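Take a look at the structure set out below.
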Amino acid sequence: MTILRCDRVEGRFEGMVDRVALFDRDGVLNVDHGYVCKVEDFEWVEGASEVLDLCRSRGMGVGVITNQSGIGRGYYSEGAFIDLMESVLPAGMVDLVVYCPHAPEADCTGRKPGGRMLEMALRFFAVDGSLAFFVGDKASDLGAADAAGVRGIRFQGGDLRDLSKDLGIS
Ligand SMILES: [Mg+2]
Ligand SMILES: [Zn+2]
0 MTILRCDRVE GRFEGMVDRV ALFDRDGVLN VDHGYVCKVE DFEWVEGASE
50 VLDLCRSRGM GVGVITNQSG IGRGYYSEGA FIDLMESVLP AGMVDLVVYC
100 PHAPEADCTG RKPGGRMLEM ALRFFAVDGS LAFFVGDKAS DLGAADAAGV
150 RGIRFQGGDL RDLSKDLGIS
């Protein structure tokens, strides 16, 4: 799993994918308890890990795109965020995590609703935006999808598997 910060040199996926599945983290993969930074607070959304596995089994590249302003606000460290990601995402479940650690007042253009982190993911997997989707729970996620030319899909809670048809994995 590659973890990229919004302002760092980009990586490249070793391999080829023909579609890319991108997900917001808080409120989509885990229940949004607010600034989740510990393993014991990471509560999987119903069906979310199954959806990630299904995307992988369909040959999609899988990525997580997340604003983590809790780092910039000083609530937790960048290392704690990375440790959490490596603890809760088993090897092979997710190929890429892109995160923005900046607080809103830092005006980072990577922070959603900016599209830069999604564009980084498209470059990482070497695909066009038309071959990707991004699932998010907030308007800022859909804004980021629009900005990057990726199909945005709103998740409104419940079981993530309910989106299976939309995601092309049913
Ligand atoms: Mg969210
Ligand atoms: Zn940033």
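Following numbering that gives the first Met the number 0, the numbering of the sequence shown begins with 0 at its first residue and continues without gaps. For every residue, glycine included, the Cβ atom is placed at its ideal position computed from N, Cα and C. The structure presented is a predicted model; accordingly, all values stated were derived computationally and were not measured.
Residue from Trp43, Asn66 and Leu162 whose Cα sits closest to the Cα of Thr108: Asn66
*Under a three-way DSSP split, which group does Ala99 fall into?*
One detail in the question is off: residue 99 reads as Cys in this sequence, not Ala. Cys99 falls in the strand class under three-state DSSP.
C-beta contact flag for Gly148 and Pro112 at 8 Å:
no
- Task: Say whether the stretch 11–21 touches the stretch 126–141, bearing in mind that this needs 3 or more beta-carbon pairs closer than 8 Å, one atom from each stretch.
- Result: yes
* **Local conformation of Gly60 per DSSP, three classes** => strand
Tyr74: buried (16+ other C-beta within 10 angstroms of its C-beta) or exposed?
exposed
Q: Quick one: residues with CB closer than 6 Å to any heavy atom of ligand 2, in chain order, please.
A: Cys5, Asp6, Cys99, His101, Cys107, Gly109 and Arg110
Does Leu21 come within less than 8 Å of chain D when only Cβ atoms are used? Included in the structure is just one protein chain, with no chain D present.
### Task
Would you list, in sequence order, the uninterrupted alpha helix (DSSP H) runs of no fewer than 4 residues that lie entirely inside the stretch 102–130?
115–124
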